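Inspection log for the structure reproduced underneath, given as structure tokens.
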Amino acid sequence: MESKKRTLIRETPDCMGETVRLQGWVDIRRDHGKLVFIDLRDRTGEVQLIILPDNPGAIEAAKDVRSEFLIEVDGLVKERPAKMQNDAVKTGGVEIEVVELRIIAKPETELPIDVSQTDLGVNLDTLLNNRTIALRNVKVRAVFSIYSEVLRSYDEAMRAGEFVEIKTPKILGSATEGGANFFKIKYFDRDAFLAQSPQFYKQAGMSAFERVFEIGTVFRAEPHFTTRHVNEYTGLDAEMGFIDGVTDVMDELERTMKHIFRNVGISCEAELSLYGEAVPGDVEIPRIRLSDAEDILRKEYGKELENHDIDSEGERMICEYVKKEYGSDLVFLTHYPTSLRPFYSMPSPDDALTTETFDLLFRGVEIASGGQRIHDAEMLTGNIRKFGLDPSDFSDYIDIFRYGAPPHGGWGLGSERIVQKMLTLGSIKEAVLYPRDVKRLAP
Ligand code: AMO
Numbered sequence: 061m062e063s064k065k066r067t068l069i070r071e072t073p074d075c076m077g078e079t080v081r082l083q084g085w086v087d088i089r090r091d092h093g094k095l096v097f098i099d100l101r102d103r104t105g106e107v108q109l110i111i112l113p114d115n116p117g118a119i120e121a122a123k124d125v126r127s128e129f130l131i132e133v134d135g136l137v138k139e140r141p142a143k144m145q146n147d148a149v150k151t152g153g154v155e156i157e158v159v160e161l162r163i164i165a166k167p168e169t170e171l172p173i174d175v176s177q178t179d180l181g182v183n184l185d186t187l188l189n190n191r192t193i194a195l196r197n198v199k200v201r202a203v204f205s206i207y208s209e210v211l212r213s214y215d216e217a218m219r220a221g222e223f224v225e226i227k228t229p230k231i232l233g234s235a236t237e238g239g240a241n242f243f244k245i246k247y248f249d250r251d252a253f254l255a256q257s258p259q260f261y262k263q264a265g266m267s268a269f270e271r272v273f274e275i276g277t278v279f280r281a282e283p284h285f286t287t288r289h290v291n292e293y294t295g296l297d298a299e300m301g302f303i304d305g306v307t308d309v310m311d312e313l314e315r316t317m318k319h320i321f322r323n324v325g326i327s328c329e330a331e332l333s334l335y336g337e338a339v340p341g342d343v344e345i346p347r348i349r350l351s352d353a354e355d356i357l358r359k360e361y362g363k364e365l366e367n368h369d370i371d372s373e374g375e376r377m378i379c380e381y382v383k384k385e386y387g388s389d390l391v392f393l394t395h396y397p398t399s400l401r402p403f404y405s406m407p408s409p410d411d412a413l414t415t416e417t418f419d420l421l422f423r424g425v426e427i428a429s430g431g432q433r434i435h436d437a438e439m440l441t442g443n444i445r446k447f448g449l450d451p452s453d454f455s456d457y458i459d460i461f462r463y464g465a466p467p468h469g470g471w472g473l474g475s476e477r478i479v480q481k482m483l484t485l486g487s488i489k490e491a492v493l494y495p496r497d498v499k500r501l502a503p
């Protein structure tokens, strides 16, 4: 038995009439009179095992087998009777008549949650407290299969656009960019801070490579209890030089998003269908100035914005409007007021009170922020002062531009929010493997 090679469940339809070795988890075991049925799953699918009464060895070996046991079976691949072929999850048309069955490992006690149901039916806390176990559930795993495809597709789109991948430090000597949402840590005999964006480093990378991207951890010390914030997330950042304007940056982000959605639509059809979801249609993403969005909200929804800043309700409404008017699940809001954007944002050439920036919204939630940056050292120094900050705290950053840098811009895209909105998950935490929030540091 030892020397036989493992066959994956996906491969069983090609092995009709052969004896194969399968390994996996027991989803469920059913006894029908003297017959024992076991639904076995591995990473490629699920198949029904059948143990016949004329195989007392296998009946004996299976007698204690329960859900979530890990087993190995040698069995004959047979055609599954047509009347049984109505279960979409199972490998169609095939069942395995068990010859030998061995237990590889078994749970010490019953699992804290029943992972065999398609819908787990537990609340968010229970799901997260039992995260490792919950990952055995087909719908929970689907989230992270899609997440994996999002990461791969982002990487692929960036490389296709000739962006160079960089990794920038997450431990910083100073909390220069703002301060309030930095985590302070002990670093030997002094204080250090966890990076809340790769912003300065990606601009530095851009100044040499023209185009860089990073897939990296971002830390935010925000005491938020919302459905779209966590304190540690994975940012999909990019920065590109020699742009004519912020439009070039939005074009590149639009191309990237379409690539991600197209790939997920093709590779993750089964996972999406578990959630009854489809990826957004391949339509042009509308670009609306924030001031125009403000007018739309007032006229269409009777909603007034405070300080011309759009809140989460406004973001939901504008997405609803765009879906209705343009059939798009995404929208760029552009030209945010100077007062609402970081000091490095390029002011609009015709209006110093607005910036060449944007947010990208997807089904009601902001998934990316970006814009053109100031690339002139003197202008940047002046802007730092205007924001009430001290240029001497930014000398490494200003140096990037002192030695010459092209007009440039980029974005920061939240990877988990993409998946959250793609599957309409109630909380971003469902799309984070082991989320960190104000209260949660484990598992
Ligand atoms: P910003 O702070 O808007 O921009 O962040 C960019 C994107 O990151 C995601 N995001 C979050 N996701 C989960 N939990 C959070 N607490 C959280 N905070 C932000 C969002 C958001 O759109 N340096 C700029 C980017 C740039 O201009 O290039 C920045 O960090 O999807």
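When the letters of the sequence shown are read in order and numbered with the numbering used here, they come out as residues 61 to 503. Backbone N, C-alpha and C fix where the C-beta goes; we use that ideal spot for every residue, glycine too. Please read all numbers here as calculations on a predicted model, not as lab measurements.
- Could you tell me whether the Cβ atoms of THR394 and LEU365 are closer together than 8 Å? no
- Message: Could you give the first and the last residue of the continuous alpha helix (DSSP H) run that contains PHE204?
- Response: 198-220
- Query: Would the C-beta of SER452 count as close to ligand 1, meaning under 7 Å from any of its heavy atoms?
  - Reply: no
- Query: Regarding GLN391 and ligand 1, is the C-beta to nearest heavy atom distance less than 7 Å?
  - Reply: Contrary to the premise, residue 391 reads as Val rather than Gln in this sequence. No, ligand 1 has no heavy atom inside 7 Å of this Cβ.
- In terms of residues, what are the limits of the beta strand (DSSP E) holding GLU139? 130-139
- Message: If I measure Cβ to Cβ from ILE98 and keep anything under 6 Å in the same chain, skipping five residues before and after, which residues do I get?
- Response: VAL86, ARG89 and LEU109
- Query: Alpha carbon to alpha carbon, what distance is there between VAL80 and ALA118?
  - Reply: 15 Å
- Item | Under the three-state DSSP convention, the category PHE260 falls into | helix
- If you draw a straight line from the C-alpha of SER405 to the C-alpha of GLU128, how long is it? 53 Å
- Query: Is VAL492 buried or exposed, if buried means 16 or more other CB atoms sit within 10 Å of its CB?
  - Reply: buried
- Message: ligand 1 and GLN432: does the residue's C-beta get closer than 7 Å to at least one heavy atom of that ligand?
- Response: Exclusion of GLN432 from the 7 Å shell around ligand 1 follows from its C-beta lying no nearer than that to any non-hydrogen atom of the ligand.
- Task: May I ask you to list the residues that DSSP assigns as paired with PRO283?
- Result: Paired residues: none, contrary to the question.
- Message: Give me the residue from VAL382, GLU170, ALA165 and GLY474 with the minimum Cα distance to GLU360.
- Response: The residue with the shortest Cα to Cα distance from GLU360 is VAL382.
- Message: Which residue marks the beginning of the alpha helix (DSSP H) containing SER455, and which one marks its end?
- Response: Residues 455-462.
- Task: Could you check the C-alpha separation between GLU71 and PHE273 for me, to the nearest Å?
- Result: 38 Å
- Query: So, does the CB of ARG126 fall closer than 8 Å to a CB anywhere in chain B?
  - Reply: The structure shown has no chain B; it contains just one protein chain.
- GLN108 - DSSP class collapsed to helix/strand/coil: strand
- Item | For VAL149, three-class secondary structure by DSSP | Only weak support is given to the placement of VAL149: the predicted model assigns it a pLDDT of 44, under 50, and the value that follows is read from those uncertain coordinates. Coil, per DSSP.
- Segments of 3+ residues assigned as beta strand (DSSP E) that fall wholly inside the region 325-380: 347-349
- Message: Considering only their Cβ atoms, is the gap separating ASN323 from SER213 smaller than 8 Å?
- Response: In this structure, ASN323 lies closer than 8 Å to SER213 by Cβ.
- Task: Would you kindly report the start and end of the unbroken alpha helix (DSSP H) that includes THR441?
- Result: 437-446 is the extent of the alpha helix (DSSP H) around THR441.
- Looking only at DSSP bridge pairs, what is ALA298 linked to? PHE273 and TRP471
- Residues near ASP74 in its chain [Cβ-Cβ closer than 7 Å; skip 5 each side]: So no residue of the chain qualifies.
- Exposed unless 16 or more other CB atoms sit within 10 angstroms - verdict on ASN367: exposed
- At least 3 beta-carbon pairs within less than 8 Å: the region 377-392 vs the region 322-338: no
- Task: Determine the DSSP secondary structure at PHE321, reduced to helix, strand or coil.
- Result: helix
- Message: Using only CA atoms, which one of GLY430, SER176, ILE460 and MET317 lies nearest to ALA194?
- Response: With distances taken between Cα atoms, ALA194 lies closest to SER176.
- Message: Please report the distance separating the alpha-carbon of PHE403 from that of THR67.
- Response: 58 Å
- Task: Measure from the alpha carbon of ASP134 to the alpha carbon of each residue in ARG126, PRO141, ALA122 and ARG140, then state which is nearest.
- Result: Comparing alpha-carbon positions, the option among ARG126, PRO141, ALA122 and ARG140 lying closest to ASP134 turns out to be ALA122.
- Message: By the DSSP assignment, the alpha helix (DSSP H) with THR414 in it spans what residues?
- Response: It is not in any alpha helix (DSSP H) - THR414 instead sits in the beta strand (DSSP E) that spans 411-415.
- Quick one: give me the first and last residue of the alpha helix (DSSP H) that ASP251 is part of. That residue, ASP251, is in no alpha helix (DSSP H); its beta strand (DSSP E) goes 250-254.
- Message: Three or more C-beta pairs under 8 Å: does that hold for the region 477-491 against the region 423-442?
- Response: yes
- Please name the residue in GLY153, ASN197 and GLU160 whose C-alpha comes closest to that of LEU171. Nearest C-alpha to LEU171: ASN197.
- As assigned by DSSP and simplified to three states, the class of ALA502: If DSSP states are grouped into helix, strand and coil, ALA502 belongs with coil.
- Message: Beta-carbon distances below 5 Å to any heavy atom of ligand 1 define the shell here; list its residues in chain order, please.
- Response: SER257, GLN259, ARG280, HIS289, VAL290, TYR293, GLU426, ILE427, ALA428, SER429, GLY430, GLY470, TRP471, GLY472, GLY474 and ARG477
- Task: Indicate the three-state DSSP secondary structure (helix, strand or coil) for ASP389 in the structure shown.
- Result: coil
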